[in-house]
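Everything below concerns the one structure shown next.
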Amino acid sequence: YANMHETYYSYKENSICYDCRVFYVQQGNGSLFVNGQNYDIKQGTFVFLPPNSQYRFFFTSPNDVKIYVLNFDLVDDFCHVTKSLGTAQESTYDPTKSPKYPLPAELSAPIIQKNDIYAHTHMTACVELFLQNTAYYKHLSSAYLKLALIELLQEQHSEDTAYRLVQ
């Protein structure tokens, strides 16, 4: 699933994702509560959530929001699933619906990256291709998503002092 949401409704309880999630805030300010942690979010914030993450967005102006939303799995074992697994609220969450596969260590915890200049281009291309539904759209949108994730991980490593010393 890939789409641009131009409003965002806050729920009374946390949402729980069955699969991996990526959010890219193109417009809007607020906060994001993830697994007990609170983060400030604003334009240019890139968020990766692994399966079973509990989260809730709060935007200061929910009708003045543009946020890319992508749901995906990291393996091809679920390519037969033709629609999004969706998002559950805490009260409706069914852990048996969540795909079971090992995650790479780098993607086993939430990642929140502010001012991610590369993500905007990749997220725009990914969503546009997904919505066009033309030949090979899934493969192309997957490639853009992978580029965004790789650049996110590279950005995180570049902030690591040991990594910078090795570089």
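In the numbering used here, the protein residues as written are 1365 to 1531. Every residue gets a Cβ at the ideal spot worked out from N, C-alpha and C, and that includes glycine. It should be emphasised that the depicted structure is a prediction, and the values quoted were computed from it without experimental measurement.
Neighbour-count burial assignment, residue i, 16 or more Cβ in a 10 Å radius
i, result
"residue 1459", "exposed"
"residue 1480", "buried"
"residue 1477", "buried"
"residue 1512", "buried"
"residue 1429", "buried"
"residue 1516", "buried"
"residue 1495", "exposed"
"residue 1431", "buried"
"residue 1399", "exposed"
Boundaries (first-last residue) of the beta strand (DSSP E) holding residue i
i, result
"residue 1439", "Taken as a continuous stretch (DSSP letters only), residue 1439 belongs to no beta strand (DSSP E), as it is neither H nor E."
"residue 1451", "1451-1453"
"residue 1379", "1379-1381"
"residue 1367", "1366-1369"
Delimiting residues of the alpha helix (DSSP H) encompassing residue i
i, result
"residue 1488", "1481-1496"
Same chain, Cβ closer than 7 Å to residue i, five either side skipped, listed in chain order
i, result
"residue 1395", "1402, 1403, 1404, 1405 and 1422"
"residue 1455", "1377"
"residue 1462", "1382, 1415 and 1416"
Cutoff 6 Å; reference residue i; Cβ partners in own chain excluding five residues on either side
i, result
"residue 1493", "1501, 1504 and 1505"
"residue 1386", "1412 and 1434"
Identity of the residue in the options nearest residue i by Cα
i, options, result
"residue 1433", "1514, 1521, 1509 and 1453", "1509"
"residue 1474", "1466, 1495, 1410 and 1497", "1410"
"residue 1457", "1418, 1491, 1386 and 1365", "1418"
Neighbourhood of residue i by C-beta distance below 8 Å, restricted to the same chain and skipping five residues each side
i, result
"residue 1453", "1375, 1377, 1378, 1379 and 1380"
Near the ligand GDP: residue i beta-carbon under 7 Å from a heavy atom
i, result
"residue 1411", "This structure simply doesn't include the ligand GDP, nor any ligand for that matter."
Contained beta strand (DSSP E) runs [length at least 3] in the region 1386-1420, N- to C-terminal order: 1394-1398, 1401-1405 and 1410-1413
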